[in-house]
Amino acid sequence: MLESKGSVLVIAGLFFFALAFVSNALVPAMMYKDLPEKTAEQLVTANLRYQFEDLARRFPASFEKHMGKPPEDAAAREKWLNEKCAESLRIGRKVYVGEACWHCHSQFVRPVSNESRRWGPVSESWEYQNELQRPVMFGTRRVGPDLSREGGRRSNDWQAAHLFKPTLLSDGSVMPEYPWFFEGAPDKPNLRGLALMTYLQWLGSWLESYPYYEEYTASSLPADAAPSEVAAAGDAPAAGEAAAPANPAEPAADGGAAEPANPDAAADTEKKEASNAQPTDAELEAAKVAIPGTKPAPPPTGDPQPAESQPSPTESKATENTNPPIDPAPESETPQASTPPAAVEGDERPPAPALPEALFRTASLLMQAI
Amino acid sequence: MSAQTLQPQVVDTDKLVDRKLVLYFYLASLTFLFVSMLGGFLMALQLIRHNPFSGIELFSPGRWRMIHTNAVAYGFLANGLLGSMFWAVPRLTLRPVLSSHLSWFIFIAWQAVVLATAGGILFGQAQGLEWGETPTWIDPVALLGLALVVVNFLPPILMTPGPLYVTLWYFMAALVWTFLTYAMGNFMPEYFVTGSAAGAVGGLFIHDLVGLFVTPIGWGLMYYFVPILLKKPIWSHGLSLVGFWGLAFFYPLQGIHHFLYTPIPMFLQYGAVISTIAVELVVATVIINFFGTLRGSGSAFITNLPIRWFYTGMVFYFLTCLQCAFQTTLTFQAIIHFTDWVVGHAHLVMFGVFGLWIQGVMTYLMPRLLGHEWYSRKLCEWHFWLSSISLFAMAVDLIAGGLVQGTVWRALLPWEVSIDASMPFWVVRVFTGIGMFAGQIVFYVNIYRTWQLGLRPAPAAAPTSTELPAVVAAT
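Taken in order, these protein sequences are the chains called A and B.
Position one of the first sequence corresponds to residue 1 (our numbering), numbered consecutively onward.
Position one of the second sequence corresponds to residue 371 (our numbering), numbered consecutively onward.
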């Protein structure tokens, strides 16, 4: 009987498969059927809108070119921004999938291996009930870090420069370069670049702990930036600031992106984090007026945004120099208004130890683990 | 067994098999393996920061990584397995497949599907499903192709009277499973469910693709070729039954073990873990069965090349399943999930087991398809040793690297430390990859030379399938 065609076809082929399908696929589907699946439009939160409008401020020319001009009328503009933001999420997800980002970056924080200390709250089912998780982007490999709480941790400038050429910002990164998200320079993202950055900033934007910074501290590891250097570096960008406020309506003149480290902006970020990451109404109001084509855009706190006499972005050397001092605050675990990038790097990632040393350390850790 | 022993007397089995078709499937299979290896090589170079094509969109390592896995699954393995089925099924059932025209249509259509998949991925249209990145617009076409495969192969199997031989259980079930798996994996998480449930289906798809498509056809081929080459029946029919039915029951239940510690309900995760451990016991019975068959003719392992390929693959199979039983437990998962351990495991399964088996079958059949003895036995040996040793070195290297990565992460060391600590393992991986690649080059040269020899006006001694060429026989 066990060798007959009928039993092989029906029992093994169909019945066992159906059994597995019911238990492994239908049961979870039924368990979550009460969790509503959100559309991209429903995913647009204040956190995400803040970042989306930030893209408009930082890359005014690119934003206008690829997203269009927002309507003048306040209500219409609001609607327009939400629609564009949702659309960007969808495109951004396509790019994220098409470029196989998800093969090197996972999107779930496990309750083990200290992951919640490194990345934030353990992932829960409701977080994945939305149309951007069809199919779900859990991922199975981490060459780079988990991204499910990436939103808000780093500025759009950081993301742009990093996507353009990761080694500009992370020494020794093995991430590929993605210059095809840009029109020649990191401050000129194209539609794919803008959409992908929107998508990245969306990750984790639904959480209370947004943005989440690592809990682990650098205290046990050697710091490399001397305080004097820190101070010097902190002052450096300020010297280049012009007094005139940025005028996003003339993006060609100032390049729009790659702003210098702005103590006020950093302080603002700190405040933002302290107030549990919800942008205040004032901030949001300020952000709304910050759309290109409306009027000169102040940063969220209302302070005039300094424009930099920026070198031509086509010079890669210049790009390299101007990019690192971008909004360092979001990537340090305790944002300090005057912390320059060098110190930030020292905080978050100490100098990579020599290989034998690293191996020795990991070996000893391995021994402990066993 | 009966079908096999009757074979030579009843029908001229050589007329049942379209050798040219089998040869073409094998050539397509090897071509895609070549492409896949190039893709893997590019990603490996990226990881050691030596990507020569950095910043060129069409050489994006991420996209080529997806081409790497898809070319292996649908190009190399699917073509190799289909070609072998076109050889084995008619000879086992003593009947031709449904239609020769359909067979050729399947061949062409399948290559079109694989090429379109590669093209789609290359231009950024991948679907967000691991091992199923085939762009969504190709999915229905591929599914139709799989339906044609079922239609083509089922008639000769169903027309065979009486109980079936082991191989045909596996083939028959695999035909049904592959179709269902492909439909489930490519459509359900894309159109019907979302989030964690989509993850569960995705895990099931990854798992079933290996377990219900590649594994049963692979074992079916082993049950067919090993008794022929050793000239004796399989050791225990009872264990064959245990192996097949155990696999059929337990294998599909394990999909979720790919996503342990996710928000997928915990009791489902436990279920997946338990059935994984159960299937390892089943695997043990199959391995015992095959080594019981080898008993008494152990020298064939050394002298008979295809047997060596097959049994080396089985040793790797046992290792990888043993590894799986450990790594699927939650204790191990905490450390090794997301690391190169899994990548090493995947290489050990896909190339170390099924890749070796297919290449073993090719080593056996190529002289018969090309009408001439292998050009060089020495090159055959080089092919074997380069492939198997390099593969094993790669697997060991990546598995060890995975342990280091997992430990560094848990220790909350900065991310860059894990990159630096991985670097020596990644460098070694490149060289083991080059070793595997070299093995393929040797194989291609050998095939080309053999083919040229076969073109010459053959003396009467051209081997037919019923006689064993010298390379294969114990010399």
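Backbone N, C-alpha and C define an ideal beta-carbon position, used for all residues, glycine too.
Item: How many Å lie between residue 501 (chain B) and residue 716 (chain B) at the Cα?; Value: 11 Å
Item: Considering only residues of the region 595-634 of chain B, which uninterrupted alpha helix (DSSP H) runs meet the minimum length of 4 residues and lie entirely inside it, listed in chain order?; Value: 607-620
Item: Given a limit of 7 Å on CB to CB distance, which residues of the region 602-633 of chain B reach chain A?; Value: 611, 615, 618, 619, 622, 623, 625, 626, 628, 629, 631, 632, 633
Item: Taking its Cβ as the centre, do 16 or more other Cβ atoms sit within 10 Å of residue 86 (chain A), making it buried, or is it exposed?; Value: buried
Item: Just to check my reading of the structure: residue 99 (chain A) and residue 430 (chain B) have Cβ atoms closer than 8 Å, yes? What is that Cβ distance to the nearest angstrom?; Value: 6 Å
Item: If you measure beta-carbon to beta-carbon, which residues of the region 189-200 of chain A are closer than 9 Å to chain B?; Value: 192
Item: Tell me the residue span of the alpha helix (DSSP H) that contains residue 799 (chain B).; Value: 785-825
Item: What are the boundary residues of the alpha helix (DSSP H) that includes residue 125 (chain A)?; Value: Segment: none, residue 125 (chain A) is in no alpha helix (DSSP H) and carries neither H nor E.
Item: Mind checking whether residue 718 (chain B) and residue 671 (chain B) have CB atoms under 8 Å apart?; Value: no
Item: Have a look at residue 165 (chain A) and residue 176 (chain A) and give me their C-alpha separation to the nearest angstrom.; Value: 8 Å
Item: Based on DSSP bridge pairs, tell me the residues matched to residue 182 (chain A).; Value: A:189
Item: In the DSSP assignment, what residue or residues form a beta bridge with residue 708 (chain B)?; Value: A:141
Item: Measuring only between beta-carbons, confirm whether residue 106 (chain A) sits less than 8 Å from chain B.; Value: yes
Item: How many whole angstroms separate the CB atoms of residue 477 (chain B) and residue 517 (chain B), which I take to be in contact at a CB cut-off of 8 Å?; Value: Wrong, their Cβ atoms sit about 15 Å apart, outside the cutoff.
Item: Residues bridged to residue 130 (chain A) by DSSP?; Value: A:38
Item: Would you say residue 209 (chain A) faces chain B, with C-beta separation under 8 Å as the test?; Value: no
Item: Under 8 Å Cβ-Cβ, which residues of chain A neighbour residue 528 (chain B)?; Value: 5
Item: Of all the options B:428, B:470, B:427, B:597, which has the alpha carbon lying nearest to the alpha carbon of residue 390 (chain B)?; Value: B:470
Item: If we cut at 8 Å on Cβ distances, does residue 23 (chain A) have a partner in chain B?; Value: yes
Item: Identify each residue in the region 417-438 of chain B for which the Cβ-Cβ distance to at least one residue of chain A is less than 8 Å, and report them in chain order.; Value: 417, 418, 419, 421, 424, 425, 427, 430, 431, 432, 433, 435, 436
Item: Near residue 564 (chain B), which residues of its chain fall below 6 Å by C-beta distance, leaving aside the five closest residues on each side in sequence?; Value: none
Item: Taking only beta-carbon atoms, is residue 570 (chain B) less than 8 Å away from chain A?; Value: yes
Item: Over the uninterrupted alpha helix (DSSP H) stretch that includes residue 750 (chain B), give me the two end residues.; Value: 747-780
Item: Taking buried to mean at least 16 other C-beta atoms within 10 Å of its own C-beta, is residue 665 (chain B) buried or exposed?; Value: exposed
Item: What are the uninterrupted segments assigned as alpha helix (DSSP H) that are 4 or more residues long and contained completely in the region 460-527 of chain B, given in chain order?; Value: 470-492
Item: Suppose the cutoff is 8 Å on Cβ atoms and the five residues either side in sequence are ignored; what does the same chain contact list for residue 525 (chain B) look like?; Value: 465, 467, 468
Item: Alpha carbon to alpha carbon, what distance is there between residue 160 (chain A) and residue 50 (chain A)?; Value: 17 Å
Item: May I ask you to verify whether the region 444-452 of chain B touches the region 578-596 of chain B, counting CB pairs closer than 8 Å and requiring at least 3?; Value: yes
Item: Taking C-beta to C-beta, are residue 699 (chain B) and residue 643 (chain B) nearer than 8 Å?; Value: yes
Item: Taking the alpha helix (DSSP H) that residue 65 (chain A) belongs to, which residues open and close that run?; Value: 60-67
Item: Would residue 505 (chain B) and residue 496 (chain B) be called neighbours here (beta carbons separated by less than 8 Å)?; Value: yes
Item: What's the call for residue 133 (chain A), buried or exposed, on a 16-neighbour Cβ count within 10 Å?; Value: buried
Item: Less than 8 Å between CB atoms is the rule here; does residue 847 (chain B) satisfy it with respect to chain A?; Value: No statement about residue 847 (chain B) is possible, as the shown extent of chain B runs from 371 to 845 and does not include it.
Item: Assuming residue 567 (chain B) contacts residue 29 (chain A) under a Cβ cut-off of 8 Å, what Cβ separation, rounded to an integer in Å, is found between them?; Value: 4 Å
Item: Anyone know if the C-beta pair for residue 2 (chain A) and residue 611 (chain B) falls short of 8 Å?; Value: yes
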